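Protein chains: 4
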Amino acid sequence: MTKKQMRVGLVGSGYMGKAHAIAYRNAMAAFAIPQDQLHCEMLADATPELAKTKALELGFNRSTGDWKSLISDADIDVVDICAPNFLHKEIALAAIAAGKHVYSEKPLALNADDAKEMTEAAEKAGVKTLVGFNYIKNPTVQFAKQLIARGDIGEVVHFRGVFNEDYLADANLPFSWRLQKEFAGTGALNDLASHLVQLAIHLVAPITSLCADLKIVHQHRPLSQTSDDSKAGVGEVENDDQAHMMVRFANGAQGTLEASRIAWGRKNGLSFEITGTKGSLIFDQETLSELSLYIAEGNPQTQGFKRILVGPEHPDYQAFCVSAGHGLGFNDMKAVEIRDLFQGVVNNAPLWPDFRAATQVNIVLDSVVESVDKRAWVEVEQYDGDHR
Amino acid sequence: MTKKQMRVGLVGSGYMGKAHAIAYRNAMAAFAIPQDQLHCEMLADATPELAKTKALELGFNRSTGDWKSLISDADIDVVDICAPNFLHKEIALAAIAAGKHVYSEKPLALNADDAKEMTEAAEKAGVKTLVGFNYIKNPTVQFAKQLIARGDIGEVVHFRGVFNEDYLADANLPFSWRLQKEFAGTGALNDLASHLVQLAIHLVAPITSLCADLKIVHQHRPLSQTSDDSKAGVGEVENDDQAHMMVRFANGAQGTLEASRIAWGRKNGLSFEITGTKGSLIFDQETLSELSLYIAEGNPQTQGFKRILVGPEHPDYQAFCVSAGHGLGFNDMKAVEIRDLFQGVVNNAPLWPDFRAATQVNIVLDSVVESVDKRAWVEVEQYDGDHR
Amino acid sequence: MTKKQMRVGLVGSGYMGKAHAIAYRNAMAAFAIPQDQLHCEMLADATPELAKTKALELGFNRSTGDWKSLISDADIDVVDICAPNFLHKEIALAAIAAGKHVYSEKPLALNADDAKEMTEAAEKAGVKTLVGFNYIKNPTVQFAKQLIARGDIGEVVHFRGVFNEDYLADANLPFSWRLQKEFAGTGALNDLASHLVQLAIHLVAPITSLCADLKIVHQHRPLSQTSDDSKAGVGEVENDDQAHMMVRFANGAQGTLEASRIAWGRKNGLSFEITGTKGSLIFDQETLSELSLYIAEGNPQTQGFKRILVGPEHPDYQAFCVSAGHGLGFNDMKAVEIRDLFQGVVNNAPLWPDFRAATQVNIVLDSVVESVDKRAWVEVEQYDGDHR
Amino acid sequence: MTKKQMRVGLVGSGYMGKAHAIAYRNAMAAFAIPQDQLHCEMLADATPELAKTKALELGFNRSTGDWKSLISDADIDVVDICAPNFLHKEIALAAIAAGKHVYSEKPLALNADDAKEMTEAAEKAGVKTLVGFNYIKNPTVQFAKQLIARGDIGEVVHFRGVFNEDYLADANLPFSWRLQKEFAGTGALNDLASHLVQLAIHLVAPITSLCADLKIVHQHRPLSQTSDDSKAGVGEVENDDQAHMMVRFANGAQGTLEASRIAWGRKNGLSFEITGTKGSLIFDQETLSELSLYIAEGNPQTQGFKRILVGPEHPDYQAFCVSAGHGLGFNDMKAVEIRDLFQGVVNNAPLWPDFRAATQVNIVLDSVVESVDKRAWVEVEQYDGDHR
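Chains as they are written, first to last, in the UniProt record's numbering: chain A, 1 to 388; chain B, 1 to 388; chain C, 1 to 388; chain D, 1 to 388.
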């Protein structure tokens, strides 16, 4: 009897596709996944030539210029979607229809209705789903969850999350699909704040109401970097550069979430501070292997935020290194995600965050848009009953 | 001909009273204010005995148990109000009526109507006024203002301000006047967020609209630290432990402001990050003598946040020390404020923030309450025409 | 015609062996090394059973309980030595005799004489050698080298290096081979300071003289963790817990280097600060993806240490991620080393640091011992003529 | 009966003179020193005109252009020496001869012999002495001493101290008395490392042996900033830009101390890390109001360096502020020193560090020079029997 395998078909080989390719290998060595059970089987990209080149570079056995043929391939168990956001739905629904498990990058869909449709299709088909909110798999973030779950900081009363980057801070960067609602949906909200929403729900409780503000700061951008400044050469930006939310959680806690794609100097500026009745914790993704923890106990003279370097005592770290403080990287978080995917597909372990959990994120994002339209607080629909 | 003098009458000798006493002396030595032009003349406190003891300790020539006699004293030029918030109005109006200049701690009043009444009385009487928003006088913050004013970070597009402390984080701390609307007004909003509002207006632009959220987390507190837990021994907290605002500025920029008095681990956690079209700056009061500055120019390879230690090249630092990086303290900021007060009173220099500017802060705080009631965005009245 | 291959035989599958296993895969995906050109071919460990288990876990095709059979295997191109220090010499000489390329973890040997013997054997045999001083391959450290080489901080006048960990800080940790001269050589000096020596030579210039101090702090340790405290159950520690050096470089610069294996709280505390005539730079391995840079130019008001997050503008980062600040991890540094190894073995690129360069490190370490014996400064022999 | 008074005569009104002037006033308000017991009585500087101007600025009652007349003045109780180093001895001996208490800035003398002569004169005359090693009075440093004294970090096994500044980093800064042995003694050693020596002795134990290295990096400097580069216009620097020491303490601990006056980017870069058998602590004067503390106890998962913001629970902080984390400044440390001086002079409290303790520092500095000459370790004479 042959062992059960996970044969991956990757759709899209850009930035995230490469991160996935690294992570598959990283996961195999770090988590001792047998070489004969995980296969980087096929890679699809826009043209056969590009796909072939990328497959060679990233170590996939076969390639195709047509993602549909990847999906219909009998030797694919999991379809891994790293294509642009607006294609997630079509590819996922096709994969589900073909009985494949689906692993999709976030955001799951451009809006909650699409996400629900995808969730229901997957659940009906009985395939496994996983959405790539990688930051949640960071051992440091897992440790934060552990601290909260066992009550070390008491009951959570406040969450502040910020996700700032500067990838569009230069007003002269050219217009692209990312700036159009049709292809990208919202802007910083979808790209960045979606992570905060997912982290906040996971670390605190469901978000039950919110009030939000969105703003396009750079309203026009040149159609290409070489184009002149004339009116003809300018594209109108359709989605937010900056996004704000005030939220209330199901447990009564308050929160603020904000994101920007034009915040000069912030490169991967995902940070949060969580306050409880007995202590606080602070995380900053730019120093992703440390957590600051304050516990209000003992001699006040020696109280302070403790800078804890993540190590083998913390979840999933030991797979990468036996010594504390040696530092995990961005790609290591993704390897943890792949380990989960493997356990789900091959050993039937529950997968999280699945399409249902990711749909709840899309619902919150839709509520943001609704709040902005109304200039007022709105209630948030609860879809993901299985909140952990 | 005698030189013009500033003879100070201090009302209230608690925490802030002592900080003022230190600052008067600090200012004289640091800014070379002649000994015969600034006099700590009289101190008023609740009883003659207490006032006498405190006057001796803090170096005031005379004392009184009746602040009204201080105000009517002919040898007092400035009334310095360090009494609890709810007394500001009565004392200030009396001082103004007696033709004294008034230097008041913040918040100026419990609400905007009172603040307007005080402003109009002072302006009619032609006395000088100054409100003690000390953080604004920090050389580091002055440097931030300078950077913004000369365009180093371009046009400001975002302000995030947080002012978190933990002085009421312990749920067993006893009930007090600070927790009652009648005596304190709002809670973290008045105590802490008022500073953020004033900084935001000063560093960015007038706040023109906002949406807010307030929350009392610890709803009851023991009536005294020794009281038992029975219902009879519990006071009901009437004002906010946590306060949130999303704001829009007159120049189109967006902002978020938040404050908490129950944020474990934060001791003087006043921080802000200001994003412009060409760069960003970050300040944290817990490291009050440094500013982080990011300028998007030059070789991308060597771009990053610069940690600038405040020194003699920055405003007002040289008065304290000729070498950079030696560090100013909390009380030094107050000394700068006293220097301003002296210049205003003795040399007729314009004083800022005066009652009118402080009233604008009270207006914003009132708008917060209005927004919370409406669960929606509200417009903010513009009272302080002289925005710098 | 088949492409040239690199078939690896790994000797030792403990902590570093696993790091290598991860790095081979990581390097293939990150640096687009074709799957058919790099093979994790064979793994040797103490017993056939252990080797088999580990080979499966770490993804090696074959296994053996006898490292000699690995060396004599015709399908091995490179022998990768992750065995304990005292075995490096024997294994390397055997591999060289078999005509294999050798990739050894540091320190190359227990003393300079052994290192020279190994170097001369390898050079005579014409095999490639590489020594695993992984920190040197960190993109952040490569960037530091680049800054120095192009004169951004002027002429280097000072180097301070510290490498502190706490892996033996607990005085009750049991006695082991690491604490015996015969098996480990010196202590913190060999384990930790060796990295500093190599970095200092690389980043500044050859070390020409030094004065040193070594100290055993915990002189006895229990023979095993379960043993009682009786005299019989105690082992005598033979090598240094703390090591200090003052050095002079060939270019006239001064330096201090120190290491400790008992420095509570330091987990991977490798840091250095380099001062030049025009600026300075600071690195700390516990935040391995950032460099602090001070350049003394422009307006003094805006001078400060710049915290630069490593990104695609810096050497070798882009292979891992296209966005700055996303953070590399400990294992990523090792992947860069593997990329170098592959280029050396398959494309005949020069390899560095090779046995000759590593021997120079051993010479400096021997000089430390000589200085301690003499309680005085000593001159350092220059062996590595090819200093870059 | 009149209360005992402390009437101060200040000699020298430059940088440190002003810091003292601020501190006298700061101390009076912070520590409730009665106005009628501490008087800034007379100021001496190079000319009567300069002295008069400065006395007015800094708030001294009288002035003189001749420090000898200050010393002979009957209404002076304490002579406060802020004159250049080479004058300390002459002024101090004259003051002692006149029966005055002496408060001198550090270093006490240009060499140990002079320091001994001064100490013995003072002890024979029975006058009080205090030397201005202000950093030692910082509440944060006092807290560090407290932690060590009560055993929180176990037995101290290592001290690393660095004191780097960049005040002479610019090679074009003009030649001055500071660069000449006759007037300044050694360079960075005397100016900066003297503080480290005093801290190390205080926080650990007497220094019993040492080995050192000194280096002049910029060997010539222009005779004045306007002078041309011709040979005639160049002064030869006579004392060290960089100073290193390896030391051994009486309790067996090891240490490294280093200082530089040419370390670009460091403004007040006095830092130390102290390792004990149970924990460690880290201090950096550029963030003078915080201490990092690591204690190796409890759950390893939550161990880390705790960043403790100094507050009212720590020594002498509450005099300045009742709230933690509000931050003390450089001048506040000096105020603590003045409080000590007042207690010593008026209430006959013991004063520390007195001339004898400061002489021990001079002895260590002389041993450094001896070690450099010998290129070897040297033993250090123990003069200060009263080590606390």
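The beta carbon of each residue, even a glycine, is placed where N, CA and C say it ideally should be. None of the values given here were measured: they were computed from a predicted structure.
Is any beta-carbon of chain C found at less than 8 angstroms from that of Y15 (chain A)? yes
Residues, ordered as in the chain, of the stretch 269-298 of chain D that lie near chain B by beta-carbon distance below 7 angstroms: E286, T287 and L288
For V372 (chain D), I'd like the list of residues in its chain whose CB is within less than 6 angstroms of its CB, leaving aside the five on either flank, ordered along the chain. A212 and L214
Alpha carbon to alpha carbon, what distance is there between V78 (chain B) and V127 (chain B)? Between V127 (chain B) and V78 (chain B), the C-alpha separation is close to 10 angstroms.
Run through the DSSP bridge pairs and tell me what T129 (chain A) is partnered with. A:V102
Find the residues of chain D that neighbour S367 (chain C), judging by a C-beta separation of less than 7 angstroms, and give them in chain order. Within chain D, no residue comes near S367 (chain C); the closest Cβ sits about 14 angstroms away, beyond 7 angstroms.
Identify whether R25 (chain C) lies in helix, strand or coil by the three-state DSSP scheme. helix
If the cut is a Cβ gap below 9 angstroms, which residues of chain C does M42 (chain A) touch? Ordered by position in chain C, no residue passes the 9 angstroms Cβ test against M42 (chain A), which lies about 14 angstroms from the chain.
With 16 other CB atoms within 10 Å as the buried threshold, where does A149 (chain C) fall? Burial call: exposed.
Per DSSP, which one or two residues make a beta bridge with I308 (chain D)? D:L291
Option in C:G154, C:A169, C:L110 and C:G233 with minimal Cα separation from E297 (chain C): C:G154
For a contact meaning CB atoms closer than 7 angstroms, what does P107 (chain C) contact in chain A? Within 7 angstroms Cβ-Cβ: nothing; P107 (chain C) doesn't reach chain A, min ~18 angstroms.
I'd like to know whether the C-beta of V346 (chain A) is nearer than 8 angstroms to at least one C-beta of chain B. No, because no Cβ of chain B sits closer than 8 angstroms to the Cβ of V346 (chain A).
Could you tell me whether the Cβ atoms of K334 (chain A) and H88 (chain A) are closer together than 8 angstroms? One thing to note: K334 (chain A) has its Cβ no nearer than 8 angstroms to the Cβ of H88 (chain A).
How is the alpha helix (DSSP H) around A263 (chain A) delimited, first residue to last? Looking at the DSSP string, A263 (chain A) is not in any alpha helix (DSSP H), and its letter there is neither H nor E.
Hey, out of A:D384, A:P206 and A:F183, whose CA is closest to V237 (chain A)'s CA? A:F183
Sort C:D170, C:K124, C:N85 and C:K116 by Cα distance to D191 (chain C) and report the nearest one. C:N85
Under 8 angstroms Cβ to Cβ from E313 (chain D), same chain only, skipping five residues before and after it: list those, please. Hits under 8 angstroms: A324.
Whole-angstrom distance between E90 (chain A) and N347 (chain C), CA atom to CA atom: 44 angstroms
Residue ranges of each alpha helix (DSSP H) run of no fewer than 4 residues wholly in the UniProt domain "GFO/IDH/MocA-like oxidoreductase" (142-281) of chain A, ordered along the chain? 181-184 and 194-203
If I measure Cβ to Cβ from V380 (chain B) and keep anything under 7 angstroms in the same chain, skipping five residues before and after, which residues do I get? I207, T208, S209, L210, I363, V364 and S367.
I'd like the list of long-range same chain contacts for A250 (chain A), defined as Cβ closer than 6 angstroms, with 5 residues on each side in sequence excluded. A205, P206 and T208
Does the CB of Q142 (chain D) have a neighbour CB from chain A at under 8 angstroms? no
Rounded C-beta distance between P300 (chain C) and F133 (chain C)? I'm assuming under 8 angstroms. No, P300 (chain C) and F133 (chain C) are not in contact; Cβ-Cβ is about 38 angstroms, not under 8 angstroms.
Whole angstroms is fine: what's the gap from I282 (chain C)'s alpha carbon to G151 (chain A)'s? 38 angstroms
At the level of alpha carbons, what is the spacing between I338 (chain A) and A23 (chain A)? 7 angstroms
Name, in chain order, the residues that DSSP records as bridge partners for A44 (chain C). C:V11 and C:T64
Just to make sure I have the definition right: I need the residues of chain B whose C-beta is within less than 8 angstroms of the C-beta of L309 (chain C). Which are they? Those within 8 angstroms of L309 (chain C) in chain B are G304.
C-beta neighbour in chain B for D373 (chain A), strict 8 angstroms: no
Taking the beta carbon of E57 (chain C) as the centre, do at least 16 other beta carbons fall within 10 Å, making it buried, or is it exposed? buried
Consider the Cβ of P300 (chain D): report whether some Cβ of chain A lies at a distance smaller than 8 angstroms. yes
Counting only beta-carbon separations shorter than 8 angstroms, does R150 (chain A) have a partner in chain B? no
Beta carbon proximity, R388 (chain B) to chain A, threshold 8 angstroms: Bear in mind that the predicted position of R388 (chain B) carries a pLDDT of just 49, short of 50, making it unreliable; the figure below should be weighed with that in mind. No - not a single Cβ of chain A is within 8 angstroms of the one on R388 (chain B).
Within the same chain, show all residues whose beta-carbon is closer than 6 angstroms to that of V131 (chain B), passing over the 5 residues directly before and after it, in chain order. S104, K106, L108, P353 and A358
Of all the residues that make up the stretch 322-336 of chain A, which are near chain C by a beta-carbon distance shorter than 8 angstroms? V322, S323, A324, G325, H326, G327, L328, G329, F330, N331 and D332
Residue range of the beta strand (DSSP E) that V322 (chain B) falls in? Counting along the chain, V322 (chain B) falls outside any beta strand (DSSP E), and DSSP gives it neither H nor E.
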